[in-house]
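Let me begin by presenting the structure, written as structure tokens, before commenting on it.
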Amino acid sequence: MLTLHYLSDSRAHRIAWMLEELELEYTMKVHRRRPSGLAPRELERLHFLGKAPLLEDGDLVLAESAHIVEHLLDTRAPQLRPDPASAPEQARSHRYWLHFAEASFAPPLIMKHLFDKVRERTPSLLRPVTGIVPSMLGKAYLDDTLAKHAAFVDSHLRDREFFVGDAPSGADFMMIFPCEAAAARYGGRYSALLDYVRRVHARPAYKRARKRAGVPYMYD
Ligand SMILES: N[C@@H](CCC(=O)N[C@@H](CS)C(=O)NCC(=O)O)C(=O)O
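For the sequence shown, the residue numbers in our numbering are 71 to 290.
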């Protein structure tokens, strides 16, 4: 029995999309963020870090989205992972994008998002002072890094429907979240990335996942 712990406005949506594409039976428990933005305490009863997504599979409680995606590939959908023996190049590419999503693409996007939140929550009189570090860091590092990463993803997607092969794979389930964040911020500049996000959003399985969660999603 699978139970997905889904946090509003979070990476949990990628797992919901995957479960729907696989047409697996599962229960979805929707948790709402606290006013601070943190996940509710009840997730800490399941996992020390108390972050989402979490997936219960029988007695197992799995955290970390790439770990969850790989667990589902291993146990429910081996056909979605290219075979290293017969398709070594595709298998390497699949593994690359699956890891790139959280290890390289998400961190600068999240940092930018958090800086925005700090700015929103700072009284306007203090903004010039509290904005100094984000603005210096933005100019020195974040903006260039993000532009480079987004251009890299955009060029990969220019002649492809999905990250690897001709159907959604583990790479897509991982990449959709940072792609949504990048498209929301810079969509106009990266048309292949934006088209990819639109294609995924149009998939019946993605729509089913959105309907089932029943809470707004910042990247709708
Ligand atoms: N790298 C982790 C990140 C987990 C994570 O930070 N989740 C966020 C939601 S996108 C969260 O639970 N935030 C609420 C909190 O930190 O309390 C993964 O991919 O699962």
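Beta carbons are placed, not taken as given, at the ideal position from N, Cα and C, and that holds for glycine.
Problem - For D213: DSSP bridge partner residues - result: For D213, which the question treats as bridged, DSSP gives no partner whatsoever.
Exercise for the section: Check whether the Cβ of A122 lies closer than 7 Å to any heavy atom of ligand 1, and answer yes or no. Expected result: Yes - ligand 1 has a heavy atom lying nearer than 7 Å to the Cβ of A122.
Handout entry: Extent of the continuous beta strand (DSSP E) run through M98
Key = Residues 96-101.
Handout entry: Distance between F185 and V139 (C-alpha atoms, nearest Å)
Key = V139 and F185 have their C-alpha atoms some 29 Å from each other.
Problem - Cβ pair count under 8 Å reaching 3, the region 223-239 against the region 194-206 - result: Two segments are said to touch when three or more pairs of C-beta atoms, one from each, lie closer than 8 Å; by this definition the region 223-239 does not touch the region 194-206.
Practice task
Could you say which of E91, R282, T145 lies nearest to D242 if we only look at CA atoms?
Solution key: Comparing alpha-carbon positions, the option among E91, R282, T145 lying closest to D242 turns out to be E91.
Exercise for the section: Assign H169 to buried or exposed, taking buried as 16 or more other Cβ atoms, counted over all protein chains shown, within 10 Å of its Cβ. Expected result: By the Cβ neighbour-count rule, H169 is exposed, with fewer than 16 other Cβ atoms within 10 Å of its own.
Exercise for the section: Whole angstroms is fine: what's the gap from L227's alpha carbon to R84's? Expected result: Distance from the CA of L227 to the CA of R84, rounded to the nearest whole angstrom, comes to 19 Å.
Exercise for the section: Check whether the Cβ of E172 sits closer than 7 Å to any heavy atom of ligand 1, and report yes or no. Expected result: Between ligand 1 and the CB of E172, the shortest heavy atom gap is smaller than 7 Å.
Problem - Cα-Cα separation between Q149 and R189, rounded to whole angstroms - result: Spanning the two alpha carbons is a distance of roughly 45 Å.
Practice task
Look at the Cβ atom of E295, then the Cβ atom of S135, and state whether they are nearer than 8 Å.
Solution key: Lying before the first or after the last residue shown, residue 295 is absent from the chain, which here runs from 71 to 290.
Practice task
Tell me whether the beta-carbon of L74 lies closer than 8 Å to the beta-carbon of L89.
Solution key: Here L74 is near L89, since their CB atoms are less than 8 Å apart.
Handout entry: Check: R280 C-beta below 7 Å from any heavy atom of ligand 1
Key = No, the Cβ of R280 stays beyond 7 Å of every heavy atom of ligand 1.
Exercise for the section: Would you decide whether S239 is buried or exposed? Buried here means 16 or more other CB atoms lie within 10 Å of its CB. Expected result: Answer is buried; the Cβ neighbour count reaches 16.
Problem - Cβ-Cβ distance between Y260 and A252 below 8 Å - result: A distance below 8 Å separates the beta carbons of Y260 and A252.
Problem - As assigned by DSSP and simplified to three states, the class of Y287 - result: Looking at Y287 - three-state DSSP - the assignment turns out to be coil, as it is neither helix nor strand.
Handout entry: Residue interval of the alpha helix (DSSP H) (run including T73)
Key = For T73, no alpha helix (DSSP H) run applies; the uninterrupted beta strand (DSSP E) run containing it begins and ends at 72-77, by DSSP.
Exercise for the section: Consider the Cβ of P154: report whether some Cβ of chain C lies at a distance smaller than 8 Å. Expected result: The structure shown has no chain C; it contains just one protein chain.
Practice task
For T200, I'd like the list of residues in its chain whose CB is within less than 8 Å of its CB, leaving aside the five on either flank, ordered along the chain.
Solution key: The answer, listed in chain order, is V188, R189, T192.
Problem - Beta-carbon proximity list for L125, same chain, < 6 Å, skipping 5 on both sides - result: So the list reads L74, L132, I138, once near-sequence residues are dropped.
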